[in-house]
Structures are given as C-alpha cells and as structure tokens.
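First the structure, in the form of structure tokens, and then the observations on it.
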Amino acid sequence: MNKANIARQEQSEDLEELSVLERITGVFISPGKVMKWLAKNPKILLPIIISAIVPLFTLILNYPSFKEALMTAIETELANMGEELIPGTERILEIFLAAGAIMGAVGMVLLDILTISLLLWGIIKLFKGGGELKQYISIVSHAGLISLLVFIVISVVSFIMGKFTLDVSITSLAVILPESLQGTFIYGVLNNVEIFTIWQYFVIGIGTSEVSGFGKGKSYAIAGGVYLATLLLAGVMNAV
Numbered sequence: 005m006n007k008a009n010i011a012r013q014e015q016s017e018d019l020e021e022l023s024v025l026e027r028i029t030g031v032f033i034s035p036g037k038v039m040k041w042l043a044k045n046p047k048i049l050l051p052i053i054i055s056a057i058v059p060l061f062t063l064i065l066n067y068p069s070f071k072e073a074l075m076t077a078i079e080t081e082l083a084n085m086g087e088e089l090i091p092g093t094e095r096i097l098e099i100f101l102a103a104g105a106i107m108g109a110v111g112m113v114l115l116d117i118l119t120i121s122l123l124l125w126g127i128i129k130l131f132k133g134g135g136e137l138k139q140y141i142s143i144v145s146h147a148g149l150i151s152l153l154v155f156i157v158i159s160v161v162s163f164i165m166g167k168f169t170l171d172v173s174i175t176s177l178a179v180i181l182p183e184s185l186q187g188t189f190i191y192g193v194l195n196n197v198e199i200f201t202i203w204q205y206f207v208i209g210i211g212t213s214e215v216s217g218f219g220k221g222k223s224y225a226i227a228g229g230v231y232l233a234t235l236l237l238a239g240v241m242n243a244v
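Numbering (our numbering), first residue to last: 5 to 244.
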C-alpha cells in the first residue's frame, strides 16, 4: 500500500457523512468532497436510477412534440422508399417506437457508465493503482449526473423551437459542422466534445485520484485518456 492510500485510510474516520442530497448536489458544487467520500463509501444505485429516469422523464415531458417528430421521420423515410404508412397502424407503430426510444436512451446511459468504468479501472490496474471496480463505477456514475444537464438544454430548445429534438450536438463542437457530415467519423467525435461531458471527465479525474492513490496530474491524464478513447469509439460507431 503506497503512502497516499495509507494517508486516506487514516483519514477515513474523519470523513463527514454525506446525505443523499449532499452527494447529488455536491457533484456540481463541491466534487472534491463528494469524491473523497465515495472513495471510502462507494454508492452506485441512486445515480444509476437517476441516470435512467432523466432521459425517460425528458421524453415524457416532451411527448407531444416527440410523437410528431417521430411520425414525421417515419413518413419521410417511407416516402423515400416509395411506400406509405398503412392506415390504422399509426398507434401501434407509435407505441412500439416510443418504447424503443425510451429503452434506447436509458440503455445508452447505463452502457456509458459501465464502459467508462471498465476502461478507467483497467488503465488504473495497468499502472498498478488501487481501487476496486465498484469504486470506479461509483465515481463515474455520480460524475455522470453532470452530463444529464444536456437533457435540460434539450427540453428548453425543444420548447423554444416548438418541436422535439434529441440532437445533443447543440452543446458540442458538432454544431459547427454541416449536416452533410452526419454519419461520419469526425461528426461522431465532435458530437462528444461537449461542455457537460468535459466537466464530467474533470470530476472523474478528481475521483480517480481519490480512489487510485495517484496524484492529481496523473489521474487527470488517465481520465483524459479514457475520454479520448470514448471519442474515438463514438466516431467509429457513428461511421458504421
């Protein structure tokens, strides 16, 4: 056990107990305090539940405009194929696609948490750092609450525009790209160079330092490396 881990172990009894509300709000206003607490008291369930509920709530809140956008997209796609929507199937199709969209949004959030946690944990272990996978899932899931702010932006933009959009590029560098580049590697990368995601990884870096025993500089570098890996993965997935 290195000196940093020994020091943290000695200080564990002095950590102030954090309530659920303090943990959630602290991620935004005092992340260092929250990450230090989570390093000794890893919690997973609540941030994962919140991360699953927020996309669902966003779709429900914007359901009328979401439904309109969804059906318009389907009709346009069918028209491009020279086909028409069969009369009487609109309601069934609407339910099926809405359920798929909700499950997809929730699934992506949970997959992101697991993917980032595994990458982070794997790299830390490669460099002989401390911490268990549960601890990294805990800090990643809590830091991930920051990225959920994009759904607030989406709701506001959808309200102003009068139509629903799930285009997260409104807070990313992809907003500067022409529509012709959608579906390309560069669009997938820049679509994830996004203000809330950058903030999220900054907090992950803080948590990594607390759990791994590494210094802040090395921890930020590792978190940045994981972010770079997810950017490249997003680019590849978008281009496939």
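Don't be surprised by glycine CBs; every beta carbon is placed ideally from N, CA and C.
Here's a check: name, in chain order, each residue in its chain whose Cβ is nearer than 6 Å to the Cβ of residue 235, leaving out the five neighbours to either side. These residues qualify, in order along the chain: 193 and 196.
Whole-Å CB distance - residue 143 paired with residue 215, under 8 Å assumed: The pair is a contact, with the Cβ atoms about 6 Å apart (cut-off 8 Å).
Nearest by alpha-carbon distance to residue 156: which of 109, 45, 62 and 67 is it? Ranking 109, 45, 62 and 67 by CA distance to the CA of residue 156 puts 62 first.
What residue from 55, 48, 66 and 153 has the CA that sits closest to residue 202's CA? For residue 202, the closest C-alpha among the options 55, 48, 66 and 153 is that of 153.
Terminal residues of the alpha helix (DSSP H) in which residue 79 lies: It spans 67-84 - the alpha helix (DSSP H) in which residue 79 sits, taken as one unbroken run.
Pick helix, strand or coil for residue 227, following the three-state DSSP scheme. If DSSP states are grouped into helix, strand and coil, residue 227 belongs with the helices.
Tell whether a beta-carbon distance below 9 Å holds between residue 148 and residue 120. A distance below 9 Å separates the beta carbons of residue 148 and residue 120.
Extent of the continuous alpha helix (DSSP H) to which residue 159 belongs: Where residue 159 is concerned, the enclosing alpha helix (DSSP H) stretches over 153-165.
Does the Cβ of residue 68 have 16 or more other Cβ atoms within 10 Å, making it buried, or fewer, making it exposed? It counts as exposed.
Answer yes if the region 113-129 comes into contact with the region 42-61, meaning at least three C-beta pairs across the two stretches below 8 Å, and no otherwise. Contact check between the region 42-61 and the region 113-129: three or more CB pairs, one atom from each, fall below 8 Å, which counts as touching.
Rounded straight-line distance, which links the Cα of residue 181 to that of residue 20: Going from the Cα of residue 20 to the Cα of residue 181 covers about 47 Å.
Simplified DSSP assignment, three categories, for residue 198: Here residue 198 carries a strand assignment [DSSP, helix/strand/coil].
Can you tell me whether DSSP reads residue 176 as helix, strand or coil? Reduced to three states, the DSSP call for residue 176 is strand.
Straight-line CA distance for residue 159 to residue 239? About 25 Å.
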